[in-house]
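Those letters in the sequence shown? Residues -20 to -1, 1 to 399, per mature numbering (1 follows the signal peptide of the UniProt record, and there is no 0), in order.
Just below is one structure, and these are the notes that go with it.
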Amino acid sequence: MNRSRLFAEAVVIMVCPVLAVSLGKVEPEIGEHGRHAVPIIMLVFAAITLITGNVPFLILCFSKFFYGDWTWKLPVKVTRWLAPLSGTCLVVLACWITRLIFFDRWPYPVLGAMVGLGILIRAATNYILWKEETNPDPNLQLPNDHRSIKKLDSKLEKSVELLSGGTALLFLGLEGLALEGGQGEEATSKHRLSKPICVSFLACVCGLYSMMVGMIPPRPRGGIRLILSGIPDETTREVERYVSGVIRLTLVFDAAMIVAIVFVMFLVMYTLMKLPAFLLLAPPFLILIVTIYYAIFDDPGGSDNGAATMYEYPKPASLELTKVTFAGFLAVSIPVIGNGSLSTSADLFLTCAASAVASGLVWRFLTHDNDNVSLIPQRAVERAAHVASFCAHLLIVIATVPFTIMAANALHSPMKNAG
């Protein structure tokens, strides 16, 4: 249920800016097809996406209130169809937005069609296999009281939170770049935007597919019937093997999402400032060095005095600070890409904001997996997470100074012109 809530929130964040695109904020290159037809159709399509993304959560809330024992099977069917349908619609919207700017580039819709078709095929396959089971469970088709299954459900919830939040950020970036590209008539402006838009589009569609894996995880090999038919000890081993495999898969997707966001920011910065853009990688590199140092040289029982078994793992870091900082990065960088002018204050702000976002994402990832799924010692991860948290907050404080200067200059310019 929490995964459906996170998915619904991400859909709202991704679709609402599309409505602005549909209402004519972008001048689409649609030639003889007419200017108003496509935005109106996109508006309707965005509304359908928004509805299909939120209905599963609404039905799950209704089912939990009136059928607390999950005996009503409709929410399972609705979630297994409407969530992938909404994800496919988001892929189509990403293709649509990109095509409004680069009308003659067909690889975008072709790739989007492949990803969207993959989402639907996977949803249909999972639904058919689910129907063949004798005792389908509304969640993961496995014993709900099993400790490994509870751990998997918690991991999937954290993964969907990261993937949905990251995909929403990338989608916002794609929409912002498309808005700037649609407003600019110069060919040089679209040329500067081409690489960031391309990478943002690729990251968006891959992120949407990863979200669907978190929403509807892969089924165990041979199905639940094969696992439950074995002896108890063998059943436990099979379940734990299946859970570990799914968790490792989600960790790969989570890491790929973080790399994609950092790479998009790097491309935007490199377009504006060339070599100084590599400063974005300084905080993640420092965090990596700290992790390696404590993993190799730190004594696991050095300062714990034998209390390592009583260690309370930190909760996953919130993404809210990272989302706000990334929004500020987009608000400053996208107009600068369009007009090609970069002031010293904007340069410093973009560097600090992008580095803060990268540090915040690494901080989240280090606190994301807190029960030793990875091979890195927990104490090393804890120290590195503290460094990542410190870097993220310090860089945000530094970025406040150039941002204030830019705001003051923006307020002073109209007064000067009026005078």
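Where a beta carbon is used, it is the ideal one built from N, C-alpha and C, also for glycine.
On a predicted model such as this, the values are computed, not experimentally measured, just so you know.
Beta-carbon within less than 6 angstroms of residue i's beta-carbon, same chain only, minus the 5 sequence neighbours each way: which residues are those?
i: M290; result: The predicted model places M290 with a pLDDT of 44, which falls under 50 and marks its position as unreliable, so this point remains unresolved.
i: V140; result: R(-18), L(-15) and G194
i: C332; result: L375, I378 and A379
i: A297; result: W343, R344 and T347
i: V179; result: V244 and L247
i: K175; result: L247
i: W86; result: none
i: V90; result: none
Determine the closest residue to residue i out of the options, with distance taken between C-alpha atoms.
i: P197; options: S224, P176, V377 and V179; result: S224
i: P64; options: F309, Y107 and A307; result: Y107
i: R217; options: L188, S174, F233 and P200; result: P200
i: A257; options: F329, A307 and I269; result: F329
i: T380; options: G308, A368, L173 and W343; result: G308
i: A104; options: V(-10), M245, R60 and G33; result: R60
i: S134; options: I99, H348, A297 and G33; result: H348
i: L80; options: I177, A262, T32 and I(-8); result: I177
i: H373; options: A26, F37 and W343; result: W343
i: M(-20); options: I276, A390 and K138; result: K138
i: A311; options: F37, A334, I39 and I276; result: A334
i: L142; options: R221, M191 and F265; result: M191
i: S313; options: F37, K44 and M386; result: M386
i: A390; options: A368, F45, A326 and V367; result: A326
i: T384; options: T324, S339 and P357; result: T324
i: A338; options: A262, F37 and L62; result: A262
i: T29; options: C41, S43, K44 and P(-4); result: P(-4)
i: T251; options: T302, T230, P315 and R221; result: P315
i: M(-7); options: P264, S144, T230 and A275; result: S144
i: F345; options: N34, Y273, L150 and K295; result: K295
i: residue 403; options: Y88, G340, F25 and I227; result: Outside the shown range of the chain, which is -20 to 399, sits residue 403, and nothing can be said about it.
i: A336; options: W86, F370 and R363; result: F370
i: H171; options: V232, V90 and F82; result: F82
i: R363; options: H392, I272, K303 and T302; result: I272
i: E300; options: V90, G146, P87 and R85; result: G146
i: V219; options: K130, F25 and R102; result: K130
i: I267; options: M22, V367 and I20; result: V367
Tell me which residues share the same chain as residue i and place their Cβ nearer than 7 angstroms to its Cβ, disregarding the 5 neighbours each side in the sequence.
i: G92; result: V71, V72, A74, C75 and V185
i: G96; result: T68, V71 and V72
i: Y189; result: V95, G98 and I99
i: M253; result: L322 and D327
i: A275; result: I356, P357 and A360
i: residue 409; result: This structure leaves residue 409 out entirely; the chain is present only between -20 and 399.
i: L136; result: R(-18), G194, P197 and T230
i: K303; result: G145 and L149
i: S66; result: V(-10), T29, T32 and G33
i: H16; result: Unreliable placement is indicated for H16, whose pLDDT of 47 sits below 50; the coordinate value is still reported in the next sentence. Once the five neighbours on either side are set aside, H16 has no close Cβ partner at all.
Please report the Cβ distance between residue i and residue j, rounded to the nearest whole angstrom; I am assuming they are in contact, meaning their Cβ atoms lie under 8 angstroms.
i: A240; j: A183; result: 4 angstroms
i: A(-11); j: A148; result: 5 angstroms
i: F243; j: T78; result: The pair is not a contact, with the Cβ atoms about 17 angstroms apart (cut-off 8 angstroms).
i: L260; j: F246; result: 5 angstroms
i: V226; j: L132; result: 6 angstroms
i: G187; j: L152; result: Not a contact, Cβ separation roughly 12 angstroms.
In chain order, what residues of the same chain have a beta carbon less than 8 angstroms from the beta carbon of residue i, not counting five sequence neighbours either side?
i: A(-13); result: G33, N34, P36 and F37
i: F233; result: S139, L143, S190, V193 and G194
i: I31; result: none
i: M249; result: P256, A257, L260, S313, L330, T331 and A334
i: residue 401; result: In this structure the chain extends from -20 to 399, so residue 401 is not present and cannot be described.
i: C41; result: M(-20)
Is there a C-beta anywhere in chain B that falls below 8 angstroms from the one on residue i?
i: V270; result: Of the protein chains in the structure, only one exists, and it is not chain B.
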